[in-house]
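Enquirer:
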Amino acid sequence: MVFDLTKLFPGLPMPLGGTLPDGPAGRALGLERVQAFCGRSKPPASESRFRRDDWVIGGTLGGTVLVVSGRRQYRVDAGMGYVIPPSTPFIERKPARTEWGWSRLLLKTTTDSPMTAGLPLQPMPVTLPLGFFEQVTAAATELYTRDRDFECLALGLILQAVAQVVRYLPGRPSTEVGFVRHACNTMRRRVTSGIRLHELAEECSMSLSSFCHRFQAETGTSPMRWFMQERVRAAKRLLLEGRNVAEVSNLLGFPNPFHFSRAFKSVEGVPPSRFGRRTRCTRSTPRDAVANHAGSSHPDR
6 MVFDLTKLFP
16 GLPMPLGGTL
26 PDGPAGRALG
36 LERVQAFCGR
46 SKPPASESRF
56 RRDDWVIGGT
66 LGGTVLVVSG
76 RRQYRVDAGM
86 GYVIPPSTPF
96 IERKPARTEW
106 GWSRLLLKTT
116 TDSPMTAGLP
126 LQPMPVTLPL
136 GFFEQVTAAA
146 TELYTRDRDF
156 ECLALGLILQ
166 AVAQVVRYLP
176 GRPSTEVGFV
186 RHACNTMRRR
196 VTSGIRLHEL
206 AEECSMSLSS
216 FCHRFQAETG
226 TSPMRWFMQE
236 RVRAAKRLLL
246 EGRNVAEVSN
256 LLGFPNPFHF
266 SRAFKSVEGV
276 PPSRFGRRTR
286 CTRSTPRDAV
296 ANHAGSSHPD
306 R
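Mapping to my numbering: the sequence shown position 221 is 226, numbers consecutive.
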């Protein structure tokens, strides 16, 4: 079954996405142009040929596409993706009688950009986690809606998505992923009690600076930011159960409701009291699906 993005983002047309405006943060990372898109291509069969001057990181949300580059051919099913280096010709072939739900990052970078340092120099398929698709879809939404602070939010999401691709590339040493998995599992267990980074680094047999640097490289975010996002995720579940702000603050071990509200807003952009009201309102209001404008072509190709 094709993943229906319109159900996740009611009120937004498909396809959606855009280009990240030029800014000092992007230039510091060696980014010359960054774009994120997602959408759907409907039957019948189609074939599109490309040769771009940027990195192409594509993913399949639903359906199937065949990616051909030279003598290499990859079947990219739902949950899979592919990486195409700059100036590499490739073809996307969508079979007949199927819809293809897709997401795409386009990155034009300087030759020494740390953003693409871990990407392969030849076309390669990769099995991707759900987080990659969530991050690219969220970035495309930010670039489409262009709400307040959308540049910072979109860039952060794209950084995380690229880190996911590098992490899940075939042949990635298991030890690189192993310490992150241990750290994340430990932080999840301590979501109600807090963590001490130097103790977590010691558990991973690393210095604090090395641990923080490698964790950032693997996940696209800092350990403390990751931990805070996990606590806020737990808070959202409790709020949806009907708990009030003071109860959630106490259950998750925050010093006081004010500290909890400030941390929650730093992640979600709204205070927890407003999140609870907005969620209840959303659940009680019927939302109509919007017309799908994806067609059979991609934007900005």
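Idealized CB from N, CA, C, for every residue including glycine. Only a predicted model underlies this, so the values are computations on that prediction, with no experimental measurement involved.
Under the three-state reduction of DSSP, which class applies to Q221: helix, strand or coil?
Expert: Of the three classes helix, strand and coil, the one that applies to Q221 here is helix, per DSSP.
Enquirer: Leaving out the 5 sequence neighbours to the left and right, which residues in its chain are closer than 6 Å to L162 when beta-carbon positions are compared?
Expert: The answer, listed in chain order, is Q140, A143 and A144.
Enquirer: Check whether the region 17-31 touches the region 79-86, counting contact only when three or more Cβ pairs, one atom from each stretch, lie closer than 8 Å.
Expert: At 8 Å Cβ cutoff, the stretches do not touch.
Enquirer: Is I200 helix, strand or coil by DSSP?
Expert: I200: coil per DSSP, three-state reduction.
Enquirer: If I'm right that R98 touches V61 with Cβ under 8 Å, what's the distance once you round it to whole angstroms?
Expert: That belief does not hold up - the Cβ atoms of R98 and V61 are roughly 15 Å apart, past 8 Å.
Enquirer: Tell me whether the beta-carbon of P26 lies closer than 8 Å to the beta-carbon of E235.
Expert: Result no, Cβ atoms of P26 and E235 do not sit closer than 8 Å.
Enquirer: In three-state terms, what does DSSP make of M192?
Expert: It is helical.
Enquirer: Less than 6 Å between C-beta atoms, sequence neighbours within five positions excluded: which residues of the same chain meet that for L21?
Expert: These residues qualify, in order along the chain: A145 and Y149.
Enquirer: What would DSSP say about S210, mapped onto helix, strand or coil?
Expert: It is coil, neither helix nor strand.
Enquirer: Would you tell me roughly how many angstroms separate the C-alpha atoms of T132 and T65, rounded to the nearest one?
Expert: Near 10 Å, if we compare the C-alpha coordinates of T65 and T132.
Enquirer: Specify the secondary structure class of K99 as computed by DSSP and reduced to three states.
Expert: DSSP places K99 in strand when its eight states are reduced to three.
Enquirer: Excluding the five sequence neighbours on either side, which residues of its own chain have a C-beta within less than 6 Å of the C-beta of K47, listed in chain order?
Expert: E104, listed in sequence order.
Enquirer: Looking at the unbroken beta strand (DSSP E) that takes in Y87, where does it start and where does it end?
Expert: Where Y87 is concerned, the enclosing beta strand (DSSP E) stretches over M85 to I89.
Enquirer: Who are the Cβ neighbours of L164 in its own chain at under 6 Å, not counting the five residues just before and after it?
Expert: For L164, where only same-chain residues beyond five positions count, the Cβ hits under 6 Å are G225.
Enquirer: For M129, which residues in the same chain have their Cβ closer than 6 Å to its Cβ, ignoring the five residues on either side in sequence?
Expert: Excluding residues within five positions, the ones whose Cβ falls inside 6 Å are V88.
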